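Engineer: Mapping to this note's numbering: the sequence shown position 40 is 40, numbers consecutive. For every residue, glycine included, the Cβ atom is placed at its ideal position computed from N, Cα and C. Predicted, not measured: the structure shown is a model, and the values here were computed from it.
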Amino acid sequence: MSGLRSSELATAAGVNPQTLRYYERRGLLAEPDRSLGGHRMYPAEAVTVLRVIKAAQRLGFTLDEVADLLDTGRHRHGTKPDAGLRARAQAKLTEVQAKIDDLQVIAATLRAAVDAGCDDLVTCAGQPCCPIPFATIAVGDPDADRH
Numbered sequence: 001m002s003g004l005r006s007s008e009l010a011t012a013a014g015v016n017p018q019t020l021r022y023y024e025r026r027g028l029l030a031e032p033d034r035s036l037g038g039h040r041m042y043p044a045e046a047v048t049v050l051r052v053i054k055a056a057q058r059l060g061f062t063l064d065e066v067a068d069l070l071d072t073g074r075h076r077h078g079t080k081p082d083a084g085l086r087a088r089a090q091a092k093l094t095e096v097q098a099k100i101d102d103l104q105v106i107a108a109t110l111r112a113a114v115d116a117g118c119d120d121l122v123t124c125a126g127q128p129c130c131p132i133p134f135a136t137i138a139v140g141d142p143d144a145d146r147h
């Protein structure tokens, strides 16, 4: 029987050996065959699957989303046109762009606080020139700091 043992696969893919079992439990990685001695023996393709999982995570996909993408790839026949990587990547791109927009607002507000010389949050909050929108943040209006 040929294949990679858990430690060999983990090293080749750059993950922790416990990650393999976790991904198996989550259905991301197929449960491997066992050698006569009881060792898990993974096929060489498992390295690619693990690298794909880790790359997808770095792109912002959750493990649930990765599982769906892998499942869609395994069952290509009869899939909906919006179920593939292209549609999901577009949705993720939209989500990431919204986060970038939020971070730009945060960065601009922090720059303004630095430029204004804000050294104490409580003192700054009491000043009319305070650039940090304490009142709108406390109310919880997600769009208040975008006006």
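With a CB to CB cut of under 7 Å and the five nearest residues on each side skipped, what residues in its chain are close to R40?
Structural biologist: On the sequence shown, residue 40 is found 40 positions in, with the first residue counted as 1. Here the set comprises R5, S6, P32 and R34.
Engineer: Can you give me the C-alpha to C-alpha distance between S2 and A46, rounded to a whole angstrom?
Structural biologist: The residue you call residue 2 lines up with position 2 of the sequence shown. The residue you call residue 46 lines up with position 46 of the sequence shown. One C-alpha to the other measures close to 13 Å.
Engineer: Taking E24 as part of the alpha helix (DSSP H), name the residues at either end of that continuous run.
Structural biologist: Against the sequence shown, residue 24 aligns to sequence position 24. Segment P17 to R26, the alpha helix (DSSP H) holding E24.
Engineer: Identify whether L63 lies in helix, strand or coil by the three-state DSSP scheme.
Structural biologist: Taking the first residue of the sequence shown as position 1, residue 63 is located at position 63. The answer is helix: DSSP assigns L63 an H, G or I state.
Engineer: Drop a sphere of 10 angstroms on the beta-carbon of T48, count the other beta-carbons inside from all chains shown, and report buried for 16 or more, exposed for fewer.
Structural biologist: Position 48 of the sequence shown, counted from the start, is the residue given in the question as residue 48. Answer is exposed; the Cβ neighbour count stays below 16.
Engineer: Identify the continuous alpha helix (DSSP H) that holds I106 and give its terminal residues.
Structural biologist: Here residue 106 is taken as the residue at index 106 of the sequence shown, counted from 1. That run of the alpha helix (DSSP H) goes L85 to D115.
Engineer: Just the C-alpha distance for A10 and I53, rounded to the nearest angstrom, thanks.
Structural biologist: Numbered from its first residue, the sequence shown carries residue 10 at position 10. Numbered from its first residue, the sequence shown carries residue 53 at position 53. One C-alpha to the other measures close to 13 Å.
Engineer: What residue range is occupied by the uninterrupted alpha helix (DSSP H) comprising I53?
Structural biologist: Sequence index remark: in the sequence shown, residue 53 carries index 53 (1-based). Going by DSSP, I53 is part of the alpha helix (DSSP H) stretching over E45 to R58.
Engineer: May I ask you to report which of helix, strand or coil DSSP gives L36?
Structural biologist: In the sequence shown, counting from the first residue as 1, residue 36 sits at position 36. Here L36 sits in coil by DSSP.
Engineer: Taking the continuous alpha helix (DSSP H) assigned at A30, which residues delimit it?
Structural biologist: Position 30 of the sequence shown, counted from the start, is the residue given in the question as residue 30. No alpha helix (DSSP H) holds A30; DSSP gives it neither H nor E.
Engineer: Which whole-angstrom value is the C-beta distance of G117 and K92, which I expect to be below 8 Å?
Structural biologist: For this step, residue 117 is matched to residue 117 along the sequence shown. For this step, residue 92 is matched to residue 92 along the sequence shown. Taking a contact as a CB-CB distance under 8 Å, the pair G117 and K92 does not count as one, their CB atoms being some 39 Å apart.
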